[in-house]
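For the sequence shown, the numbering used here gives the first residue as 7, with consecutive numbering after it. Cβ coordinates follow ideal geometry from the N, Cα and C atoms, glycine included.
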Amino acid sequence: DSAAHISEETSGAAKAAPIAILVGVGGTAILGWLILIASSYATASVSDLLGSSLPLPMGQLFLDVLGKKGMLTIWGFIIVVQFVTGAAQGVDASRVVYAFARDHALPGSRFWRKINDYTQTPVNAVWLVMVCSGICGLLGFSEAALTSLAGSAVIGLYLSYVAPVFLRITSGRSKFVPGPFSLGKWSVPVGIVACLWVNFITVLLLFPPASNPAPGDMNYAVVIIGGIFVFAGGWWIISAHKWFKGPVRTVEGPISMGSESDGDEREKRSDS
């Protein structure tokens with residue numbers, strides 16, 4: 007979904023971004039399915055994998071099938087891929103932070119929306135994301151904290167996608183103007199399925215990993231998500247409703263959603 011987060015920097019985003027999302031998700035699903043099939047055929051004993059002394063059962067599977075050198079080679083490749091993926095997520099998150107700050111929706115927005123004169127990128131937003139990511143990385147020493155954080159991230163991602171979908175199939179049905187990429191008559195059925203799926207998976211991700219959990223084993227995703235809603239809602243009630251006017255307009259004049267030049271419009275970076 008990186009294409010969605012950096013769509014403002016994409017030429018012809020109205021069409022290119024959704025196609026990129028479909029290709030990315032579809033390609034990942036196919037590759038993931040092939041890996042699962044291969045892993046299933048290569049697994050001799052599930053109990054032996056789960057009882058391995060290695061932190062991850064997949065590492066033991068690679069060791070059994072490929073030997074030590076083969077396992078280390080594959081695992082080295084995985085480490086590189088994970089690093090690149092983390093860097094890409096950092097870019098995505100920094101653009102989201104910048105977009106919120108540009109619309110005056112974050113504390114300290116004036117600082118976070120600054121554009122570096124040399125790189126022409128939101129360096130301050132990037133550093134904010136990197137520092138927060140480093141702090142979150144420390145939670146890796148606690149399995150419960152890491153599980154709660156991962157669950158919260160997935161829930162937040164799902165909610166960010168399903169919110170406009172829900173509005174599209176409810177109050178926005180009469181106001182929605184289809185762009186160059188549209189599902190047509192399938193929009194509402196697909197939207198309903200998406201909303202039902204998000205409701206299901208959100209509840210599932212809030213459950214603890216085992217029944218009768220102790221405080222150290224509890225899934226605190228509900229606390230994290232609830233805390234964010236309380237903070238955002240409280241900020242809106244106390245202050246933000248007085249001055250927040252919605253997204254800031256960054257281009258002048260009407261723009262055709264089907265235009266290939268919509269990504270070439272330049273933002274007015276008066277704050278840079």
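Return the first residue and the last residue of the alpha helix (DSSP H) that N205 is part of. Locating residue 205 in the sequence shown gives position 199, counting from the first residue. From DSSP, the alpha helix (DSSP H) with N205 extends over S193 to L212.
Straight-line CA distance for F235 to L155? Counting from one through the sequence shown, the residue named residue 235 turns up at place 229. Counting from one through the sequence shown, the residue named residue 155 turns up at place 149. Using only the alpha carbons, I get a separation of about 15 Å.
Are there 16 or more other CB atoms within 10 angstroms of the CB of V132, so buried, or fewer, so exposed? Walking along the sequence shown from the start, residue 132 turns up at place 126. Flag for V132 reads buried.
So, helix, strand or coil for V102, using DSSP? On the sequence shown, position 96 is the one that residue 102 refers to. Here V102 sits in helix by DSSP.
Expressed to the nearest angstrom, what Euclidean distance is found between the alpha-carbon atoms of V102 and V135? To locate residue 102, count along the sequence shown from 1; it is residue 96. To locate residue 135, count along the sequence shown from 1; it is residue 129. For V102 and V135, the distance between alpha carbons rounds to 10 Å.
Does DSSP classify G18 as helix, strand or coil? The residue you call residue 18 lines up with position 12 of the sequence shown. The answer is coil: DSSP assigns G18 none of H, G, I, E or B.
Given a threshold of 16 other Cβ atoms within 10 Å of its Cβ, counted over all protein chains shown, does G232 qualify as buried or as exposed? Counting from 1 along the sequence shown, the entry for residue 232 is found at position 226. Its Cβ having fewer than 16 others within 10 Å, G232 is exposed.
Y47 by DSSP, collapsed to three states: which one? Here residue 47 refers to the residue found at position 41 of the sequence shown. Three-state DSSP puts Y47 in a helix.
List the endpoints of the continuous alpha helix (DSSP H) containing N293. Residue 293 lies beyond the range of the chain shown here (7 to 278); nothing can be said about it.
Rounded to a whole number of angstroms, what is the C-alpha to C-alpha distance between A200 and L173? Here the question's residue 200 lines up with position 194 in the sequence shown. Here the question's residue 173 lines up with position 167 in the sequence shown. Straight-line Cα distance between these residues: approximately 12 Å.
Can you have a look at P128 and say buried or exposed, based on whether 16 or more other CB atoms are within 10 angstroms of its CB? As a first step, residue 128 is located in the sequence shown; it is residue number 122 there, counting from the start. It counts as buried.
What residue range does the alpha helix (DSSP H) around F235 cover? Reading the sequence shown from its first residue, position 229 is the one you call residue 235. Looking at the DSSP string, the run of the alpha helix (DSSP H) that includes F235 is A227 to W241.
Just to confirm the assignment: which complete alpha helix (DSSP H) runs, minimum length 4, are found wholly within the region 152 to 182? none
Between Q126 and chain D, is the shortest Cβ-Cβ distance under 8 Å, so that the two count as touching? The question asks about chain D, but that chain is absent: this structure has only one protein chain.
Nonlocal neighbours in the same chain, by C-beta distance under 7 Å from T49, ignoring five residues either side: Walking along the sequence shown from the start, residue 49 turns up at place 43. Excluding sequence neighbours, T49 sits near L55 and L67.
For I161 and L211, which I take to be in contact (beta-carbon distance under 8 Å), what is that distance rounded to the nearest angstrom? Counting from one through the sequence shown, the residue named residue 161 turns up at place 155. Counting from one through the sequence shown, the residue named residue 211 turns up at place 205. Between L211 and I161 the Cβ distance is about 5 Å, and since that is below 8 Å, they are a contact.
Contiguous alpha helix (DSSP H) assignments of at least 4 residues, all confined to the region 70 to 129: 115 to 118
Could you give the distance in angstroms between the alpha-carbon of S100 and the alpha-carbon of T79? In the sequence shown, counting from the first residue as 1, residue 100 sits at position 94. In the sequence shown, counting from the first residue as 1, residue 79 sits at position 73. C-alpha separation (whole angstroms): 32 Å.
Around the C-beta of A93, are 16 or more other C-beta atoms found within 10 angstroms, so that it is buried, or is it exposed? Position 87 of the sequence shown, counting from 1, holds the residue named residue 93. Classification for A93: exposed.
For K191 and G143, the rounded distance between their alpha carbons: Numbered from 1 along the sequence shown, position 137 holds the residue referred to as residue 143. Numbered from 1 along the sequence shown, position 185 holds the residue referred to as residue 191. The alpha-carbon atoms of G143 and K191 are separated by roughly 44 Å.
Could you tell me the alpha carbon to alpha carbon distance between G30 and A169, rounded to whole angstroms? Here residue 30 refers to the residue found at position 24 when the sequence shown is read from its first residue. Here residue 169 refers to the residue found at position 163 when the sequence shown is read from its first residue. One C-alpha to the other measures close to 21 Å.
Neighbourhood of A151 by C-beta distance below 7 Å, restricted to the same chain and skipping five residues each side: On the sequence shown, residue 151 is found 145 positions in, with the first residue counted as 1. Excluding positions up to five away in sequence, the list reads L145.
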